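Number of protein chains: 2
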Amino acid sequence: MKRTTIKDIARQLGVAPSTVSRALKDHPDIGLALRTEIKKLAEELHYRPNQLAVHLRQRSSKLIGLIVPEITMFFYPSVIKGIQEIIQEHGYNLIMLSSHESPEKEMENIRICADNEVAGILISLSRQSEMYENLEYLRELGIPLVLFDKVSIDLPFDSIMLEDEEAARQATTFLIESGCRNPGAIFGNPNMLITQERVRGMRKAMEENELPFKKEYMYFADNVVEAEACAKLLMAQNPPPDGVFAMTDEVLMGSLSVIAGSNTNIPANCSVICISDGVLPYCMTPTVSFLHHNGLELGQLAANRMFELLESGEFINDEYSGVKKTVQAKLIQLSSTRQLVF
Amino acid sequence: MKRTTIKDIARQLGVAPSTVSRALKDHPDIGLALRTEIKKLAEELHYRPNQLAVHLRQRSSKLIGLIVPEITMFFYPSVIKGIQEIIQEHGYNLIMLSSHESPEKEMENIRICADNEVAGILISLSRQSEMYENLEYLRELGIPLVLFDKVSIDLPFDSIMLEDEEAARQATTFLIESGCRNPGAIFGNPNMLITQERVRGMRKAMEENELPFKKEYMYFADNVVEAEACAKLLMAQNPPPDGVFAMTDEVLMGSLSVIAGSNTNIPANCSVICISDGVLPYCMTPTVSFLHHNGLELGQLAANRMFELLESGEFINDEYSGVKKTVQAKLIQLSSTRQLVF
DNA sequence: GGGTATTGCGCAAACGTTTGTTGTTAATAA
DNA sequence: TTATTAACAACAAACGTTTGCGCAATACCC
Numbered sequence: 000m001k002r003t004t005i006k007d008i009a010r011q012l013g014v015a016p017s018t019v020s021r022a023l024k025d026h027p028d029i030g031l032a033l034r035t036e037i038k039k040l041a042e043e044l045h046y047r048p049n050q051l052a053v054h055l056r057q058r059s060s061k062l063i064g065l066i067v068p069e070i071t072m073f074f075y076p077s078v079i080k081g082i083q084e085i086i087q088e089h090g091y092n093l094i095m096l097s098s099h100e101s102p103e104k105e106m107e108n109i110r111i112c113a114d115n116e117v118a119g120i121l122i123s124l125s126r127q128s129e130m131y132e133n134l135e136y137l138r139e140l141g142i143p144l145v146l147f148d149k150v151s152i153d154l155p156f157d158s159i160m161l162e163d164e165e166a167a168r169q170a171t172t173f174l175i176e177s178g179c180r181n182p183g184a185i186f187g188n189p190n191m192l193i194t195q196e197r198v199r200g201m202r203k204a205m206e207e208n209e210l211p212f213k214k215e216y217m218y219f220a221d222n223v224v225e226a227e228a229c230a231k232l233l234m235a236q237n238p239p240p241d242g243v244f245a246m247t248d249e250v251l252m253g254s255l256s257v258i259a260g261s262n263t264n265i266p267a268n269c270s271v272i273c274i275s276d277g278v279l280p281y282c283m284t285p286t287v288s289f290l291h292h293n294g295l296e297l298g299q300l301a302a303n304r305m306f307e308l309l310e311s312g313e314f315i316n317d318e319y320s321g322v323k324k325t326v327q328a329k330l331i332q333l334s335s336t337r338q339l340v341f
Numbered sequence: 000m001k002r003t004t005i006k007d008i009a010r011q012l013g014v015a016p017s018t019v020s021r022a023l024k025d026h027p028d029i030g031l032a033l034r035t036e037i038k039k040l041a042e043e044l045h046y047r048p049n050q051l052a053v054h055l056r057q058r059s060s061k062l063i064g065l066i067v068p069e070i071t072m073f074f075y076p077s078v079i080k081g082i083q084e085i086i087q088e089h090g091y092n093l094i095m096l097s098s099h100e101s102p103e104k105e106m107e108n109i110r111i112c113a114d115n116e117v118a119g120i121l122i123s124l125s126r127q128s129e130m131y132e133n134l135e136y137l138r139e140l141g142i143p144l145v146l147f148d149k150v151s152i153d154l155p156f157d158s159i160m161l162e163d164e165e166a167a168r169q170a171t172t173f174l175i176e177s178g179c180r181n182p183g184a185i186f187g188n189p190n191m192l193i194t195q196e197r198v199r200g201m202r203k204a205m206e207e208n209e210l211p212f213k214k215e216y217m218y219f220a221d222n223v224v225e226a227e228a229c230a231k232l233l234m235a236q237n238p239p240p241d242g243v244f245a246m247t248d249e250v251l252m253g254s255l256s257v258i259a260g261s262n263t264n265i266p267a268n269c270s271v272i273c274i275s276d277g278v279l280p281y282c283m284t285p286t287v288s289f290l291h292h293n294g295l296e297l298g299q300l301a302a303n304r305m306f307e308l309l310e311s312g313e314f315i316n317d318e319y320s321g322v323k324k325t326v327q328a329k330l331i332q333l334s335s336t337r338q339l340v341f
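Those sequence lines, one after another, are chains X and S. Residue numbers for the first sequence follow numbering that gives the first Met the number 0, beginning at 0 and rising by one. Residue numbers for the second sequence follow numbering that gives the first Met the number 0, beginning at 0 and rising by one.
The structure is reproduced here in C-alpha cells:
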C-alpha cells in the first residue's frame, strides 16, 4: 500500500498540493475552514511527510552522522546513549558508521554522511592520522563537525574530550598518596593522543612528588589480550611495582586478574587504579577505585555543542576554528559497599 | 561551497543531465568517447550522487533502521557490530533509534524509519506489548522487518532469536552435572518472553533430572541493582542454594560478588553459571562458566536475513508469515587459563 | 536508393515536498 | 462608483536524480 502523500490529499479535496502543505503548517494564507478540513483528512489518511522529499527540498536532513572507530562494549555505548538522548529531543536521528580503525573507511564514512546530507557529524577519530584535509571537506560543504573523545587537539574544529592528562595525573597521585613509590602503568595504543596525554599526566604526578618516572614500568597494550601480556611482564619486574595504573577499562580487564594473581595482595601490596566509564571497576574482583570519565556526559556535551553550531551557524565562517571543551574525570574511591553508577 | 551535481557536469559539457546520469552508470546508450569524458569531469569535480535525490526517485533508501529498547554495554554492542558488518558489505547504512522501553516511542521510531523510507527494519522489541498492529503497518508499506533477540514468537514476521529455553536447560544441566541438587536462579524481567523461555528451560532440566523446581529459589531482577538484592535474598535461603544460574550478564554482574561473598566457596560449595555474551564472565572473579550466546552472530544473521528478504521480496505477500531462526548457545567451560573470545 | 535497424543523445516527466509569485474574489475605503 | 487592500488559493519552479520515449543521424541490407 502506498503511503498517502500531499498530492493524494490535494486530489481528494480538489485543492492544490501547495495549499495542503501550507494548511498542515498552519500557514495563515489558508482559510480556517479549509485548513481544518485538510488537517482532518490528513489525520484520517495517516499522512506523514516523506522526509526524503522534505530534506531534498530543504537541502538538509534531520540526521546527525555518528562516526566511531569501532563499537565496543567499552565507553561507546554510554557515549552513544548520551548523544541519542539529546538529538532525539531535537527531533533528529542518528546514522551510525564505524571505521574499523581505518582512515580510508573513515573518509568514506564522512563522504557517506555528506551524501545523505546530514545536518552535522559527530566523530571519534580512529587514529592520529592526518585527517585535516578530509575534515576540511566538510567545512567546504558547510557541514558542522564535532570531534569527541579521540580528537586531534590541533584541528580547527569543535571538540569535546576528556581531561586525559589531568585524569592520569589524579590517578597517579591517588596511587602515590596511598603509599606507592614505584607504580607501574599499562597504557593503550601509543600513537593515540589520548595515550600520550595520559602518559604525560602520570609523568607530571611523578615529578610533582619527586619520584622517578621509569620507562621499564610503562607498557602499551592495544587490546585486552595485549594488556594481559603486558601485565605479566610488568609484574615480573624486579622489584615488582607497588601500584598499577590501568589507562582504560580494556586495559583493566586484561590485567587485573594477572595483577591480583601474581602473589600480590590488592591493595595491601599493590594498589590499582584506572580510568573508567564506571561499570567494570565494580564488577571485577577486587573492585578498583577509578577516575570516572563520564561517557554519557561526553555524548550529551558533544550533541549539545552540535546543536549550538547548527543554530548559530558559526561554523560557516572560513576562519572558524572551533571551541574545545573538556569533561572532568571524578575520582571514585571504592569501599567494600558496591554503589553502581549507571 | 555547493556540491557538484549532475546538472553542473551536464552544463559544463553542454549535454543533458540524463546523458550524464547514464554515462556515469556505463549505460551503452552513451558513446564511449562522451562517456569517458563525462566520467573524467565527474572525477575532477569530485561528484557524488545526492543520496536523498536518488532515494526519492527510487522510492527506497539504502538505510536500514535499527530499533532497540536501550543501548547498554550488554549484548547490544556486539549485535550492532554484527549488523554493521553485514550491511556495510551491502552498501547500506544504519539509522539507529532507541525506544527507552516505551511502546509509544517504539511505534514512533517505526514511523520515523518509514518516513525516511528505510529499506528495512531490524527491531528488538522493548516488551511483550501487543505490537502486532504496529508492525502490520510496515507490512502495508512493504517494508521488510526482522525481529531479533527480544521477539514475540507468535508474530508473523521473520525473527532471529537465541535458543533461550535450550540454553537455560543446558546451563541448569551443567549445574546438576557438576553436583548441584538445589540450584537457585536469578532471572530477568518476568514479562519478557526471553525470561519465560529461560525459566522453562531450567524447569525442564530439573524435571529431566527428577529434581524439584522450587519457586523460593527463583528470583526475578530487572537490572543490576535488583539482581544484587535478589542474590542476597537467594543466598539467605535455608538451606542456601548449591548452585546459581544467572540468566544474563546483567544479572551475573549484580549477583556474583554477593554469591562469592556469602561465605560460599565457588565452585566448591556453590557453582555458578550464566548465559552471556562472552566478555563479562572472563573479567569477573571467580571466572564463571557460561553459555555463550553470540551477539555478533545474531546480528549477522538478522542482517543477512534482511537482505534475503530484500532480494526475494517474499515479505510483500500478505500471507507471508516469516521464518524463525535460532542461534545456539555454546557452553564455555572456564578453566583457570583465561581464553578471551572476542 | 528506398527501407530498416542501430546508435547516440535530448526531452520531459516523475519522486514528494516547499515556497515565491500570481490571480481571483470579496470586502473596505475614498 | 472606482480604487485599494486584504484574504485565500492556485500555479509553477525547484531540490537532484532516474528513466521511458522520441528523434536524428548514421549504418546496414537487398
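Note that CB positions come from ideal geometry on N, CA and C, so glycine has one too. From a predicted model like this one, the values you see are computed outputs, not experimental measurements.
Pull the bridge partners of residue i from the DSSP assignment, please.
i: Gly13(X); result: DSSP, once it has assigned bridges, lists no residue as partnering Gly13(X).
i: Leu146(X); result: Ile122(X) and Ser158(X)
i: Ala245(X); result: Ile185(X) and Cys273(X)
i: Ile63(X); result: Leu93(X) and Gly119(X)
i: His291(X); result: Ser275(X) and Lys329(X)
i: Phe342(X); result: Residue coverage of chain X in this structure runs from 0 to 341, which leaves residue 342(X) outside it and unanswerable.
Mark residue i as exposed unless 16 or more other C-beta atoms lie within 10 angstroms of its C-beta, in which case mark it buried.
i: Pro27(S); result: exposed
i: His291(X); result: buried
i: Arg34(X); result: buried
i: Phe341(S); result: Residue confidence is low: Phe341(S) scores 39 on pLDDT, short of 50, so the model does not pin down where it sits. Its coordinate-derived value is still stated next. Label assigned to Phe341(S): exposed.
i: Tyr374(X); result: For chain X, the structure presents residues 0 to 341; residue 374(X) sits outside this window and is missing.
i: Asp317(S); result: exposed
i: Val326(X); result: buried
i: Ile37(X); result: buried
i: Arg70(S); result: The sequence shown places Ile at residue 70(S), rather than the Arg named in the question. Ile70(S) comes out buried.
i: Lys1(S); result: exposed
i: Gln169(S); result: buried
i: Gln338(X); result: Residue confidence for Gln338(X) is low, a pLDDT of 40 falling below 50, so the modelled location carries little weight; the figure read from the coordinates is stated next. Burial call: exposed.
i: Leu65(S); result: buried
i: Leu232(X); result: exposed
i: Pro211(S); result: exposed
i: Ile86(S); result: buried
i: Ile79(X); result: buried
i: Glu105(S); result: buried
i: Ser256(X); result: buried
i: Ser254(X); result: buried
i: Arg10(X); result: exposed
i: Arg197(X); result: buried
i: His54(S); result: buried
i: Thr336(S); result: Here the model assigns Thr336(S) a pLDDT of 39, short of 50, so the residue's position is not dependable, and the following value carries that caveat. Flag for Thr336(S) reads exposed.
i: Pro155(S); result: exposed
Quick test of your reading: residue i and residue j, contact by CB under 8 angstroms. State the CB separation rounded to the nearest angstrom.
i: Val223(X); j: Met252(X); result: 5 angstroms
i: Asn137(S); j: Leu144(S); result: Inspection of the sequence shows that residue 137(S) is occupied by Leu rather than by Asn. Confirmed, Cβ separation roughly 5 angstroms.
i: Thr247(S); j: Met205(S); result: Not quite, the Cβ-Cβ distance comes to about 20 angstroms (not below 8 angstroms), so this is no contact.
i: Tyr319(X); j: Glu313(X); result: 6 angstroms
i: Val277(X); j: Ile193(X); result: Position check: residue 277(X) holds Gly in this sequence, whereas Val was assumed. The Cβ separation is near 17 angstroms, so there is no contact.
i: Asn108(S); j: Ser60(S); result: Wrong, their Cβ atoms sit about 16 angstroms apart, outside the cutoff.
i: Pro238(S); j: Asn181(S); result: 7 angstroms
i: Leu279(X); j: Cys282(S); result: 7 angstroms
i: Tyr216(X); j: Pro240(X); result: 6 angstroms
i: Ile94(S); j: Gly119(S); result: Ile94(S) to Gly119(S), Cβ: 11 angstroms. No contact.
i: Ile5(S); j: Val19(S); result: 5 angstroms
i: Phe289(X); j: Ser275(X); result: 4 angstroms
Residues of the segment 23-55 of chain X in Cβ contact with chain S at a cutoff of 8 angstroms, in chain order, please. Arg47, Pro48, Asn49, Gln50, Leu51, Ala52, His54 and Leu55
Positions along the segment 78-99 of chain X whose CB lies within less than 7 angstroms of some CB in chain S: Ile79, Lys80, Gln83, Asn92, Leu93, Ile94, Met95, Leu96 and Ser97
Residues of the segment 268-288 of chain X with Cβ closer than 9 angstroms to any Cβ of chain S, in chain order: Asp276, Val278, Leu279, Tyr281, Cys282, Met283, Thr284, Pro285 and Thr286
If you measure beta-carbon to beta-carbon, which residues of the segment 105-124 of chain X are closer than 8 angstroms to chain S? Arg110, Ile111, Ala113, Asp114, Asn115 and Glu116
Could you name each continuous beta strand (DSSP E) segment of 3 residues or more that falls completely within the segment 302-326 of chain S, going from the start of the chain to the end? 323-326
Note down, in chain order, all residues in the segment 137-149 of chain X with a beta-carbon under 7 angstroms from any beta-carbon belonging to chain S. Glu139 and Leu140
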